[in-house]
Each structure stands twice: as structure tokens, then as C-alpha cells.
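Q: Chains as they are written, first to last, in our numbering: chain A, 25 to 137; chain B, 1200 to 1312.
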């Protein structure tokens, strides 16, 4: 069955620490990959996306992600987190033949001052 | 803000009742998708509408139905509400069907008692 797995459900970091959130998917064929962020009380916002081309994609607010096809992974990274990065992060996958975004369960990130 | 608006923001219903949730898509977008986000989970795809027709559906029973209007706004209807239907319902609009960037509204929080 097609699925998206996010390895860390809760992450606590101090400001300026580096962040890496794992995302693995099980899909055959071509996929489109996304990371969304949900700040407290706000709507889901797109952080970055990968459709094709350079597997290292840069998004908003200093986030980046690397698509490793052989590992079916699309991990999110940020070199130095800020308190304002406290939010829920969702990895999502869409296959080229499908209509739906399939989301992981999310990772709750708390950044402490 | 994404330009996707949902109403109402909060709703309390009794088990067995019916509910209608509404979504106005972003200007220029002809595709609307609906998602259910239970507490502590990622959004789950309910269905997608493109040019007033349902063209993709997730694993939800028929009592979940929808409409899309000529102006591309949309409704989600849920009949015979169950306690497990309590969730945040998200609407997302995109410029075309299938794999493309989706913009989410803030959601409708439905509580079934």
C-alpha cells in the first residue's frame, strides 16, 4: 500500500540548533514531493516542493529538502532553527497518476529559546 | 493568506445529523480538494472536484459527498454524522487537477457530540 512515513513525531530543539526531519514514502513510479508547515492556529502552508530536476530543493524561511530516489526519502533540513519555527510539519506525496496528496502523520517541532 | 476561505470556522453537531461545509477557492483555481484531519494526524484525502465533477475519491463512505459550482466554490456534505467524524476539514484549491501545488484554507473544526 502507498504510504508516507515521518520518523519523528515530536522534536524539541534549542534555538540555533540544526534540524532534520525524516520522510520516507512507498510509491512506485514518478512522484511529486512536498513539505507543508502548520503554525499554531494557521492554515497549512507550502514550505517547498519537488517535481523534477535538482534533487536538492530550497524553500521558504531557510528550509531545504533533498530527494534521494534510491532511498525513497525526502528529508527536510534547516541549519539553524528559530523560535518562530515552532509548528507542525507534514511531508506529502502525490503520484503523477493520482489526484490526492498523501500526508504523513506530521512532526511537531518545539523550538525553545 | 492563501485566498481559500472556508465557512464556518467551527461547528458543533449531534450524532446522526447532517452538515454542510463551504469553501471558496483561490481566484483562477478550478480544482478543489477536501481533506479530513483528525487530531494528531495528517490530512486524509476525501475527494477532489474539477470543473464541477468529482474526479478522485479517497477511502471515505458515500455519506461524504460534495459539490462544485460554476464559480469553482465547493461544498462538503456529511450525512448521518458519527462521533469519529469530529475533525478539522480542510479545503485546498489548485490551478488544475492532479499533481500540482495546493493552497489550503484554515479549515472548519467539526465536533460531533
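Ideal Cβ positions, reconstructed from N, Cα and C, are used throughout, including at glycine. Values in this document were obtained by computation on a predicted structure and should not be read as measured data.
(1) For residue 1280 of chain B, which of helix, strand or coil comes out of DSSP?
(2) Am I right that residue 55 of chain A and residue 135 of chain A are in contact with their C-beta atoms under 8 Å? What's the rounded C-beta distance?
(3) Report yes if the CB atom of residue 1293 of chain B is closer than 8 Å to the CB atom of residue 1230 of chain B, and no otherwise.
(4) Whose C-alpha, out of A:72, A:92, A:105, is nearest the C-alpha of residue 79 of chain A?
(5) Check each candidate in A:109, A:59, A:99 and name the one with the smallest Cα separation from residue 1302 of chain B.
(6) What would DSSP say about residue 93 of chain A, mapped onto helix, strand or coil?
(7) Under 7 Å Cβ to Cβ from residue 48 of chain A, same chain only, skipping five residues before and after it: list those, please.
(8) Interface residues of chain A around residue 1238 of chain B at Cβ under 7 Å?
(9) Residue 1292 of chain B bridges to which residues according to DSSP?
(10) Within the segment 1241 to 1275 of chain B, note down every full beta strand (DSSP E) run reaching 3 residues or more, in order along the chain.
(11) So residue 70 of chain A contacts chain B; which residues on that side make the cut at Cβ distance below 7 Å?
(12) Nearest to residue 111 of chain A by alpha carbon, out of A:65, A:72, A:124, A:50?
(13) Could you tell me whether any Cβ in chain B is nearer than 8 Å to the Cβ of residue 128 of chain A?
(14) Got a sec? Which residues, its chain only, sit under 8 Å from residue 27 of chain A by beta carbon, not counting five neighbours each side?
(15) Kindly indicate which residue of B:1235, B:1216, B:1215 has the alpha-carbon position closest to the one of residue 129 of chain A.
(16) Let's test the definition: count the other Cβ atoms within 10 Å of the Cβ of residue 1233 of chain B and tell me whether it reaches 16, buried, or not, exposed.
(17) Mind checking the segment 63 to 94 of chain A against chain B and listing, in chain order, the residues whose C-beta falls within less than 8 Å of any C-beta there?
(18) Pick helix, strand or coil for residue 108 of chain A, following the three-state DSSP scheme.
A: Quick answer:
(1) Of the three classes helix, strand and coil, the one that applies to residue 1280 of chain B here is coil, per DSSP.
(2) No, residue 55 of chain A and residue 135 of chain A are not in contact; Cβ-Cβ is about 30 Å, not under 8 Å.
(3) Going by beta carbons, residue 1293 of chain B and residue 1230 of chain B fall inside the 8 Å limit.
(4) It is A:92 whose Cα lies nearest to the Cα of residue 79 of chain A.
(5) Comparing Cα-Cα distances from residue 1302 of chain B to each of A:109, A:59, A:99, the minimum goes to A:59.
(6) Three-state result, residue 93 of chain A: helix.
(7) So the list reads 29, 96, 97, once near-sequence residues are dropped.
(8) Those within 7 Å of residue 1238 of chain B in chain A number zero; the least Cβ separation is about 11 Å.
(9) B:1231, B:1302.
(10) Under the rule that a run must span 3 or more residues, the beta strand (DSSP E) segments found entirely inside the segment 1241 to 1275 of chain B read 1243 to 1249, 1252 to 1256, 1263 to 1267.
(11) Within chain B, the residues near residue 70 of chain A are 1300.
(12) The option with the nearest alpha carbon to residue 111 of chain A is A:65.
(13) Answer yes: the Cβ-Cβ gap between residue 128 of chain A and chain B drops below 8 Å somewhere.
(14) Cβ neighbours of residue 27 of chain A beyond the five flanking positions: 49, 50, 126.
(15) Ranking the options by Cα distance to residue 129 of chain A, first place goes to B:1235.
(16) With 16 or more other Cβ atoms within 10 Å, it is buried.
(17) Against chain B - using a Cβ distance shorter than 8 Å - the residues of the segment 63 to 94 of chain A are 66, 67, 68, 69, 70, 73, 75.
(18) In the three-state DSSP reduction, residue 108 of chain A falls in the helix class (H, G or I).
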